[in-house]
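In my numbering, the protein residues as written are 1061 to 1164. Here's the structure, in structure tokens; my notes come after.
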């Protein structure tokens, strides 16, 4: 579920907390939640993830690329061991799921 907070500089940041089960069935809801946050800076909290699927990682990768093209920031914070392992299994790193917002 998304919530809006403020960074120390006062810029609003939305938080997207990933569910514990990022299996295939979670890809659609995750896509919709992230689409609703488009245009905002977002911190994705991966600390609760216990199961991860390639489709959900594809959704997160697509979001990072979209945010970068939009000039917004997106970061994947506090990845659980399961999430980090799933990312590594695909030959990726957590940094691949980050958009620095410098495209504008």
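C-beta: ideal position from N, C-alpha, C; glycine also.
Excluding sequence positions up to five away, which residues of its chain have a Cβ less than 7 angstroms from the Cβ of residue i?
i	result
residue 1123	1094 and 1134
residue 1107	1138 and 1140
Please state whether the Cβ-Cβ distance between residue i and residue j is less than 8 angstroms.
i	j	result
residue 1112	residue 1076	no
residue 1127	residue 1159	yes
Need the endpoints of the alpha helix (DSSP H) that residue i sits in, please.
i	result
residue 1147	1141-1149
residue 1122	1114-1130
residue 1158	Per DSSP, residue 1158 belongs to no alpha helix (DSSP H) and is neither H nor E.
So, at 8 angstroms on beta carbons, what are the nonlocal neighbours of residue i in its own chain, with the 5 sequence-adjacent residues on each side left out?
i	result
residue 1150	1114 and 1117
So residue i is in the beta strand (DSSP E); what residue range does that whole segment cover?
i	result
residue 1134	1133-1137
To which residues does DSSP link residue i through a beta bridge?
i	result
residue 1102	1074 and 1134
Does the count of Cβ pairs from the segment 1095-1105 and the segment 1080-1087 closer than 8 angstroms reach three?
Verdict: no, contact absent.
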